[in-house]
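Enquirer:
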Amino acid sequence: MHCADTSFLCSLYRQQSHSERAIATLEEIGAPIVISSLLAYEFRQAVRFQVFLRSRDARKGYLETEGLAMLAQFENDLESGVIIEAGVNLADLATEVERLSERHTMQRGARSFDLLHIATALKWQATVFLSFDALQREIAAAEGLNVLPALI
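Per this note's numbering, residue 273 is the first one in the sequence shown, and the count goes up by one each step.
(1) Anyone know if the C-beta pair for C275 and I295 falls short of 8 Å?
(2) Give every residue of the same chain whose Cβ lies closer than 8 Å to the Cβ of S327, excluding the five residues on either side of it in the sequence, and list them in chain order.
(3) Select from F401, L402, M273 and V369 the residue whose C-alpha is nearest the C-alpha of L387.
(4) Helix, strand or coil, according to DSSP, for V369 in the structure here?
(5) At what residues does the beta strand (DSSP E) containing L402 begin and finish?
(6) Using 8 Å for Cβ pairs, my map puts C282 next to A330. What's the rounded Cβ distance?
(7) Pairing CB atoms from the stretch 355–374 with CB atoms from the stretch 384–402, are three or more of them under 8 Å?
(8) If you draw a straight line from the C-alpha of F321 to the C-alpha of F315, how long is it?
(9) Would you list the one or two residues that DSSP bridges to S308?
(10) My output table needs one value for L298: the three-state DSSP class, helix, strand or coil.
(11) Locate the alpha helix (DSSP H) running through A391, then write down its first and last residues.
(12) N418 and R404 - do their beta-carbons sit closer together than 8 Å?
(13) When the distance is taken between beta carbons, is L423 closer than 8 Å to T297?
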């Protein structure tokens with residue numbers, strides 16, 4: 273199973289410094305990416321928030337047309353099975369995410385949603401964790417997940 277974080281999804285749906293690598297990795301793995309409903313929410317929320325930022329300051333965020341296109345492509349990929357959204361029971365994750373928090377937050381500054389995504393991947397026994405976020409990559413690797421793509 274291949275799980276991803278929001279940084280990977282953002283690189284798939286908006287031209288960024290890691291976009292080419294994200295697309296190449298998706299093609300290389302040749303399997304769907306499985307994400308939790310929490311990750312789907314976080315991605316949609318991040319895009320909407322970037323549109324809001326742009327509405328307040330033209331130097332920030334995403335144009336509304338860009339944000340809507342990102343969300344539409346994401347929904348298309350969910351419908352076509354490129355990405356699979358699976359439910360996750362927070363009660364089932366509580367012990368694991370608490371363990372991750374104890375182990376990584378005071379030492380590394382781990383964020384709540386990041387730990388939830390890693391805990392979900394561990395609970396699902398994912399074989400790969402896809403991320404461009406340095407801290408999430410570090411924690412996921414420390415927890416034994418195979419982190420992709422390789423960064424040069």
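Where a beta carbon is used, it is the ideal one built from N, C-alpha and C, also for glycine.
Expert: Looking at the coordinates:
(1) At the C-beta level, C275 and I295 stay beyond 8 Å of one another.
(2) Same-chain partners within the cutoff: G333 and E336.
(3) Ranking the options by Cα distance to L387, first place goes to V369.
(4) Helix at V369.
(5) For L402, the uninterrupted beta strand (DSSP E) segment begins and ends at V400 to L402.
(6) Not really, about 20 Å apart at Cβ, beyond 8 Å.
(7) Contact between the stretch 355–374 and the stretch 384–402 is established, with three or more Cβ pairs separated by less than 8 Å.
(8) For F321 and F315, the distance between alpha carbons rounds to 10 Å.
(9) According to DSSP, S308 bridges with A358.
(10) L298: helix per DSSP, three-state reduction.
(11) From DSSP, the alpha helix (DSSP H) with A391 extends over S384 to K395.
(12) The question names Arg, but residue 404 is Phe in the sequence shown. For F404 and N418, no; Cβs fall outside 8 Å.
(13) Cβ distance not < 8 Å, so T297 and L423 don't count as in contact.
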